[in-house]
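>
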Amino acid sequence: MSLRKLLRIGAVVALGLTGLAVTGAPAQAAMPLFQLPFTCGEYWDGSNPISDRHQSSWELDFNYEGGDLGKPVLAAAAGTIEIASYQTSGGFGRLVKIRHGSSNYYTFYAHLNDFAPGLGVGDSVRQGQLIGHVGNTSANGNFGPHLHYEVRYGSTGYPGNIQPAYFNGVRFGYPAQRIRSYNCGGGNGVVRDVNRDGRSDLVAIHDTGALYRYTGNGDGTFDPGVSIGTGWGNFRLTSLADVNGDGVSDILGIHSNGSLYRYLGRGDGTFAAGVVLGGGWGNFRLLTSSDFNNDGRADVLAVHNDGSLYRYAGTADGTVVGWGGAVGGGWSGFRLLTSGDVNGDGKADLLAVGTDGALYRWLGKGDGTFASAVKIWDRGWGSFRLINSADYNNDGRTDLLAVLDDGGLYRYAGQSDGTLASWGGRVGGGWGAFRLINS
């Protein structure tokens, strides 16, 4: 989930704006925001022990205090399964290999005791999805249970293509470190976490211009709101995403003067001072961000006043968002927009409320494009004035929050088939004074 970049977007010629800054392609694509491949909140001991079986200083073996055998192993980031089988050469034993979108990064999970039921080559997995359990399988002999983990860039040049491991945006402390897992079922931007506890939080702007934070409890409920800033009254649109890849959600906001601002999250539930990233955003009326192309970086989707949908792909150098052009038209008939992994397949989807009062869904293909729209609710959404989405109950699927005209806050839990629970119930009141929820 992470929008690993400085968004310096000027206006785009196609939109009648001015100047978009774009840098040259880097020599190596940016690494996805990998998380530790274990259950959220667990502490694991990682090391690179001296061994004739290790070919690189960057390979890792993980052990869990109190016993390893059978512990769940989770995908470190969203991607596609390339290997899920027993390897008779190389000493890997039962191995899962995942390719992470178009980034050309791969992760390896070796010596597994078994594979997750139904897991097979070609399957898409989301970050935090179960892929197997810790074991001690190997064709080269016996050893104690542990997980052997590698990150590689490219599929050739072994062992030189093995890369240093990063977790939650921080490089592993080689040669050994005890490390906490923040692999809390997010992936693709569905976890919007501002305080590093692995749970999605809410950030909202009050009519007074005050900025409020509602800390998520991980079960679909929230702590009472806390005011964390003032002077936000002139922001028309905002989005919550990890701009710089440090594992903390940041705020992107379009000001009434047409400028795009960035506020970096500090990791304690507050934000640093705003920085102007570019101008020419005055003609956009809807904004959302998630990782739409499965490269581990959040992308921006914006609806222009002419009804066109534009995508700005997250770039690898951390400085700009590349211009992707119009990816759709006919959006004049939609008044609310949000995004996230609705069906838990590891690909970010779109949800929008039409002027007809219906709720629509576009399933993401994982390459920045989407399947055709499906109406998942025929009517009844005309009375909602705000929507927001994230994985609020930590089940790996995006849930929808909606504010009714009477100020009631309602939650609709995401289902595995890409629909929403028919009724999630009221989870709060008094939201009539909030004119904007970040999504």
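In terms of UniProt numbering, the sequence shown opens at residue 1 and continues consecutively.
Note that beta-carbon positions come from the ideal geometry of N, C-alpha and C, so glycine has one too.
All values reported here derive from a predicted model rather than from experimental measurement.
Express the C-alpha separation of L69 and I9 in angstroms, rounding to a whole number.
As a working mapping, residue 9 is identified with position 9 in the sequence shown. As a working mapping, residue 69 is identified with position 69 in the sequence shown. Bear in mind that a pLDDT of 34 at I9, under 50, signals an unreliable position, so the model cannot answer this.
> Give me whichever residues DSSP pairs with W44 in a beta bridge.
Here residue 44 refers to the residue found at position 44 of the sequence shown. Per DSSP, I179.
> Ignore the nearest five residues each way along the sequence and tell me which others in V151's own chain have a CB closer than 6 Å to its CB.
Taking the first residue of the sequence shown as position 1, residue 151 is located at position 151. Once the five neighbours on either side are set aside, the close Cβ partners of V151 are T107, Q163, A165.
> I think R126 touches D341, with their Cβ atoms under 8 Å apart; what is that distance to the nearest whole Å?
Locating residue 126 in the sequence shown gives position 126, where the first residue counts as 1. Locating residue 341 in the sequence shown gives position 341, where the first residue counts as 1. The Cβ separation is near 6 Å, so the contact holds.
> Spell out a yes or no on whether the segment 378-391 and the segment 356-363 are touching, meaning 3 or more CB-CB pairs, one atom from each, closer than 8 Å.
Yes, since at least three Cβ pairs between the segment 378-391 and the segment 356-363 fall closer than 8 Å, the two stretches touch.
> For V403 and V96, I'd like the C-alpha separation in whole angstroms.
Within the sequence shown, residue 403 is the residue found at index 403, counting from 1. Within the sequence shown, residue 96 is the residue found at index 96, counting from 1. Approximately 42 Å, taken between the alpha carbons.
> Apart from the five residues on each side of it in sequence, which residues of its chain come closer than 6 Å, Cβ to Cβ, to S339?
Working through the sequence shown from its first residue, we reach residue 339 at position 339. So the list reads T288, S290, A348, L350, once near-sequence residues are dropped.
> What did DSSP end up calling T102 once you bin it into helix, strand or coil?
Taking the first residue of the sequence shown as position 1, residue 102 is located at position 102. It is worth fixing the name first, because residue 102 is Ser in this sequence and not Thr. Helix, per DSSP.
> Quick one: which unbroken alpha helix (DSSP H) runs of 4-plus residues sit fully inside the segment 187-262? Chain order, please.
Entirely contained in the segment 187-262, not one alpha helix (DSSP H) run reaches 4 residues.
> Residues in its own chain within less than 7 Å of T419 by CB, not counting five upstream and five downstream?
On the sequence shown, position 419 is the one that residue 419 refers to. Result list for T419: I376, in chain order.
> Taking DSSP as the reference, what is the three-state secondary structure of G307?
In the sequence shown, the residue the question calls residue 307 occupies position 307. DSSP places G307 in coil when its eight states are reduced to three.
> Evaluate contact between the segment 79-86 and the segment 113-121, counting only Cβ atoms and requiring at least three cross-stretch pairs below 8 Å.
With a cut-off of 8 Å, the segment 113-121 and the segment 79-86 count as touching, because enough Cβ pairs lie within range.
> Which same chain residues end up closer than 8 Å to A176 when comparing Cβ atoms and leaving out the 5 residues on each side of it in sequence?
Counted from its first residue, the sequence shown places residue 176 at position 176. Same-chain partners within the cutoff: D45, G46, S47, N48.
> Could you tell me if residue 458 is buried or exposed, where buried requires 16 or more neighbouring beta carbons within 10 angstroms of its beta carbon?
What is shown of the chain runs 1 to 439, which leaves residue 458 out entirely.
> Among the candidates A273, T398, R266, whose CA atom is the shortest distance from the CA of G253?
By one-based count along the sequence shown, residue 253 stands at place 253. For the residues A273, T398, R266, the minimum Cα distance to G253 belongs to A273.
> Nearest to L112 by CA position, among S89, G128, V303, V73, is which residue?
The count along the sequence shown starts at 1 and reaches residue 112 at position 112. Among S89, G128, V303, V73, the Cα nearest to that of L112 belongs to V73.
> By the DSSP assignment, the beta strand (DSSP E) with residue 504 in it spans what residues?
A query on residue 504 cannot be resolved here, the shown segment of the chain reaching from 1 to 439 and no further.
> Just mark D250 as buried or exposed, buried being the case when its beta carbon has 16 or more other beta carbons within 10 Å.
The sequence position of residue 250 within the sequence shown is 250, counting from 1. So D250 ends up on the buried side.
> Let me know the secondary structure DSSP gives S389 once reduced to three states.
Taking the first residue of the sequence shown as position 1, residue 389 is located at position 389. Residue state, collapsed to three classes: strand.
> To which residues of the same chain is G368 closer than 8 Å at the C-beta, ignoring the five residues directly before and after it?
The residue given as residue 368 occupies position 368 in the sequence shown. Once the five neighbours on either side are set aside, the close Cβ partners of G368 are F292, N293, D299, R311, A313, G324, V327.
> What would DSSP say about F58, mapped onto helix, strand or coil?
Residue numbering aside, residue 58 sits at position 58 when the sequence shown is read from its first letter. Per the sequence presented here, residue 58 reads as Trp, with Phe not at that position. Note: W58 maps to coil in three-state DSSP.
> Are the Cβ atoms of A421 and Y410 separated by less than 8 Å?
Numbered from 1 along the sequence shown, position 421 holds the residue referred to as residue 421. Numbered from 1 along the sequence shown, position 410 holds the residue referred to as residue 410. The answer is no: Cβ separation not under 8 Å.
> Can you tell me whether W281 is helix, strand or coil according to DSSP?
Counting from one through the sequence shown, the residue named residue 281 turns up at place 281. Of the three classes helix, strand and coil, the one that applies to W281 here is coil, per DSSP.
> Buried or exposed for L60, going by 16 or more other Cβ atoms inside 10 Å?
The residue you call residue 60 lines up with position 60 of the sequence shown. Answer is buried; the Cβ neighbour count reaches 16.
> Looking only at its own chain, which residues have a Cβ that is under 7 Å from the Cβ of G258, when we skip the five neighbours before and after it?
As a first step, residue 258 must be located in the sequence shown, where it is residue number 258. If we look at G258 and ignore the five residues flanking it on each side, its Cβ neighbours are G279, G280, W281, G282.
> Enumerate in chain order the residues of its own chain whose CB-to-CB distance from L336 is below 6 Å, with the five nearest sequence positions on each side excluded.
Within the sequence shown, numbered from 1, the residue matching residue 336 stands at position 336. Result list for L336: V353, I387, in chain order.
> Taking buried to mean at least 16 other C-beta atoms within 10 Å of its own C-beta, is N305 buried or exposed?
For this step, residue 305 is matched to residue 305 along the sequence shown. Exposed.
> Classify S103 as buried or exposed, calling it buried when 16 or more other Cβ atoms lie within 10 Å of its own Cβ.
Numbered from 1 along the sequence shown, position 103 holds the residue referred to as residue 103. By the neighbour-count rule (16 or more Cβ atoms within 10 Å), S103 is buried.
> Helix, strand or coil for W431? Go by DSSP, reduced to three states.
Start at 1 with the first residue of the sequence shown, and residue 431 comes out as number 431. Note: W431 maps to helix in three-state DSSP.
> Using a Cβ-Cβ cutoff of less than 8 Å, which residues in the same chain neighbour P224 once the five nearest sequence positions on both sides are dropped?
Counting from 1 along the sequence shown, the entry for residue 224 is found at position 224. Contacts found: Y214.
> Whole-angstrom Cβ separation of I98 and F434, contact assumed at under 8 Å?
Here residue 98 is taken as the residue at index 98 of the sequence shown, counted from 1. Here residue 434 is taken as the residue at index 434 of the sequence shown, counted from 1. The pair is not a contact, with the Cβ atoms about 39 Å apart (cut-off 8 Å).
> From which residue to which residue does the beta strand (DSSP E) around P72 run?
As a working note, residue 72 is residue 72 in the sequence shown. Its beta strand (DSSP E) spans residues 72-74.
> Would a C-beta distance cut-off of 8 Å place F374 and G269 closer than the cut-off?
For the purposes of this step, residue 374 is identified with residue 374 of the sequence shown, where counting begins at 1. For the purposes of this step, residue 269 is identified with residue 269 of the sequence shown, where counting begins at 1. Rather than Phe, the amino acid found at residue 374 in this sequence is Val. Cβ atoms of V374 and G269: not closer than 8 Å.
> Return yes when the Cβ of G366 is within less than 8 Å of the Cβ of residue 446, no when it is not.
This structure leaves residue 446 out entirely; the chain is present only between 1 and 439.
> Does residue 442 pass the burial test, meaning 16 or more other C-beta atoms within 10 Å, or should it be called exposed?
The requested residue 442 does not occur in the structure, where the chain is confined to residues 1 to 439.
> To the nearest angstrom, report how far apart L384 and G90 are at their CA atoms.
The sequence position of residue 384 within the sequence shown is 384, counting from 1. The sequence position of residue 90 within the sequence shown is 90, counting from 1. With the sequence shown as reference, residue 384 is identified as Phe, and Leu is not the correct amino acid for it. In a straight line, the C-alpha of F384 is about 57 Å away from that of G90.
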